[in-house]
Amino acid sequence: MKRTVSIPVDLPRERFLPLMNQCAEIFNAHVNWAIASSTYNKNKAHKELYHLLRVQFPSVPSALLQTVRDNALEAIKATKFKSIPKKKPTSGLRYDKRTMTLRGKQLTLSCIGKRVTLILDIPEYFQKVFETWDFCGATVTYTKNTKQFWVRLVFETEDPQHIEGQIQGIDRGLYHQAVTSNGQFFSSSKIRKVQRRYLYNRRKLQQKGTRSAKRRLKAMSGREKRFMKDTNHCVSKKLANQPGIAVFVLEDLSSIRTQRRGKKMNKWLGGWAFYQQEQFLAYKAEALGKRVVHQDPRYTSQKCNICKHIRRTNRHKSRFHCKNCGHRTHADLNAAKNVRDDYILSSTQGTEEQASVNMPYVSADSLG
Ligand SMILES: [Zn+2]
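By our numbering, the letter at position 9 of the sequence shown is numbered -8, and the numbering carries on one by one without gaps.
Here's what the structure looks like:
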């Protein structure tokens, strides 16, 4: 399995921006050549383009030119000419063993002129991966809006063995970061309180519109992001570490937004914070040999988990009251159980043999 960390870095703009620009041109030149000559053979490309490009871009180091060539031809090969990969003047630069070194926290990168040396500031949550996994590559990117360079480091390790255990459904919403099918509630009231405060301050600063207000807005957005990140780490860690649980079933994000519960909810579900929480859970679970799977969320909030009766009015805000069998429970808990049961049903529909093994799980309430 692979893991990536992005670290903001200070790089000499006067050397890296022209480099990115020229590498994009070199990339596109290879793509155009590959299409015109219907091949992605590296040796042929080298013979026909290398010297021309060396003359045209004399300040781009030779090793970097070759890395860009390989990237371009591999991109073509991956889609077999079906799509045309193009790079923009500030597209990211991929580095490999020819063009960089990583010793401890010291990273050197090939660029225009002498190599640049950086001391990386590794975030605490990534420290273990950084120290024990194998380093396999890096990309340098540039964010135009904030004029910030980033280094994305990729690390790899062997997949851990999958462990056996129970299946747990997780419902996520506005009022709870997570509710599990065995009845654990992770409230998001603190998050909403903090977000309301930021929203209020942001509006006030936006009205001001002065230069110092803009600076304060930027600092505030950084603080808000860090707060959300910490909260997401905390919840996903608690979820992943639950003993006896081997599979976490989440509602599928891509279809979740088109249906369910109003504007406010959709904004939250579509936001980066929500996506981040899922990423963190997947990372932490994976490292423990557990899995995160997805389930179509249709009707999970309207369906009674006991009698399977579906009706919109079964749910009223956080209360669930089945109009058919009279079952009463917390709406998010009911949804979490439906997510789990729907997943078990859909994953066992394949083979009968498998179904007979897993079916007892479906109605057993003691399960996760
Ligand atoms: Zn019912």
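Think of the CB as a built atom: it goes at the ideal place given N, C-alpha and C, for glycine as much as any other residue.
Please classify residue i: is it buried, with 16 or more other beta-carbons within 10 angstroms of its beta-carbon, or exposed?
i, result
"W16", "buried"
"H34", "exposed"
"N215", "buried"
"N24", "exposed"
"N321", "buried"
"D315", "buried"
"T82", "buried"
"N224", "exposed"
"F64", "exposed"
Please state whether the Cβ-Cβ distance between residue i and residue j is less than 9 Å.
i, j, result
"I9", "I67", "no"
"A319", "I153", "yes"
"A229", "H145", "yes"
"I327", "I174", "no"
"L76", "T122", "yes"
"C94", "L2", "yes"
"Y352", "S301", "Any answer about residue 352 is impossible in this case: the structure gives the chain only from -16 up to 351."
"K306", "N297", "yes"
"F303", "C287", "yes"
"D325", "Q285", "no"
"V112", "F169", "no"
"L222", "M203", "no"
Go ahead and pull the three-state DSSP assignment for residue i.
i, result
"I228", "strand"
"T(-13)", "strand"
"F40", "coil"
"E234", "strand"
"D(-7)", "coil"
"K286", "strand"
"Q144", "coil"
"D154", "strand"
"Y258", "helix"
"F(-1)", "helix"
"H299", "strand"
"Y23", "coil"
"T312", "strand"
"H13", "helix"
"E271", "Reading off the sequence, residue 271 comes out as Leu, not Glu. Coil."
"R84", "Position check: residue 84 holds Thr in this sequence, whereas Arg was assumed. Strand."
"R198", "helix"
"I67", "coil"
"R52", "helix"
Who are residue i's beta bridge partners in DSSP?
i, result
"S170", "H159"
"V137", "T(-13), G120"
"F132", "V(-8), Y125"
"Y78", "A121"
Would you say residue i touches ligand 2, meaning its beta carbon is less than 8 Å from a heavy atom?
i, result
"K291", "Looking at this structure, you won't find ligand 2 anywhere; what it does contain is ligand 1."
Subject >> 4 or more residues per run - each alpha helix (DSSP H) lying fully within the region 90 to 127 >> reply: 110 to 115
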